[in-house]
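Everything below concerns the one structure shown next.
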Amino acid sequence: MIAYAVTFAFTCFGAALLMNFWKVATSKDLGDRILALDTMFINAIAVMVLYGLAIGTEMYFEAAMIIAMLGFISTVAYARFVLRGNIIE
Amino acid sequence: METLLELLVVIFLVTAGIFGFVGSFGLLKLNDRMSRLHAPTKATTLGVGGVLLASMAHSVLTEGHLSLHELLITLFLFLTAPITAHFIAKVNIHQFETRDSLPDAGEDEIWATHDIEEGPTDAETSKN
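If you want it as structure tokens, here you go:
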């Protein structure tokens, strides 16, 4: 039963990642692009944790943690660059 | 007990998948910039939270002990998602709104995003 649920969740998050990628690639709107990239980071965390769950290892949590931090920092840096033209003033 | 835990994992995973999908679909589908901001920041964070809860229940099921480091990621995401949403909203206000198109700022005179001094540019300052 869990295997089916994992497959379902993989499908959902895979489709979500593809939609985010589509938005990053085609959107003309800078705010939307930053948002889509941030969502892509979050979905990537979900896929990594799901993969760890599927093959039964705890190795991927550190990677997911690091991706969570890098995603937050890069989003804030990008938004701040648009807002102020500078990241660290 | 094992069936119950398995059921819990399945419920969390299915809910998480639906939330994650809906969040990203909303990013494509919604019409307004600020509505598009709403969909991923709420729904996808809930989706990841569901996956992490499922992973915690799964570790009880397979290894017999509760692993808590998923909670770290959940906590981190729940703390940072509002901040990123706030920053992206500020980018939208900065790029697509003028001082006149925004509603009244309340007790302040203008919105903080537009509160930039009209000083000399960098090129002019370096000349002096």
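Order-wise, the sequence lines are chains A and B. Once you know that position 54 of the first sequence is 54 in this note's numbering, the rest is easy, because the numbers rise by one and skip nothing. Once you know that position 74 of the second sequence is 74 in this note's numbering, the rest is easy, because the numbers rise by one and skip nothing. Cβ atoms here follow ideal geometry from the backbone N, Cα and C, with glycine treated the same way. Note that this is a predicted model, so its numbers are computed, not measured.
- Linking G23/B to V24/A through their CA atoms gives a straight-line distance of about 15 Å.
- If you draw a straight line from the Cα of L27/B to the Cα of P40/B, it comes to about 6 Å.
- Interface with chain B (7 Å Cβ-Cβ cutoff): I42/A is included.
- No Cβ-Cβ contact shorter than 7 Å links G106/B with F13/A.
- Chain A has no Cβ within less than 7 Å of the Cβ of E2/B.
- By the neighbour-count definition (other C-beta atoms within 10 Å, threshold 16), A112/B is an exposed residue.
- With 16 or more other Cβ atoms inside 10 Å of its own Cβ, F12/B counts as buried.
- With respect to V9/B, I55/A sits apart: the two C-beta atoms are not nearer than 7 Å.
- In the DSSP assignment, E6/B falls within the alpha helix (DSSP H) that extends over 2 to 29.
- Annotated three-state conformation of S101/B is coil, per DSSP.
- The shortest C-alpha to C-alpha distance from L77/B to any of G49/B, A16/B, E6/B, I116/B is the one to G49/B.
- Nearest Cα to N92/B within the set L5/B, R33/B, H38/B, V60/B: R33/B.
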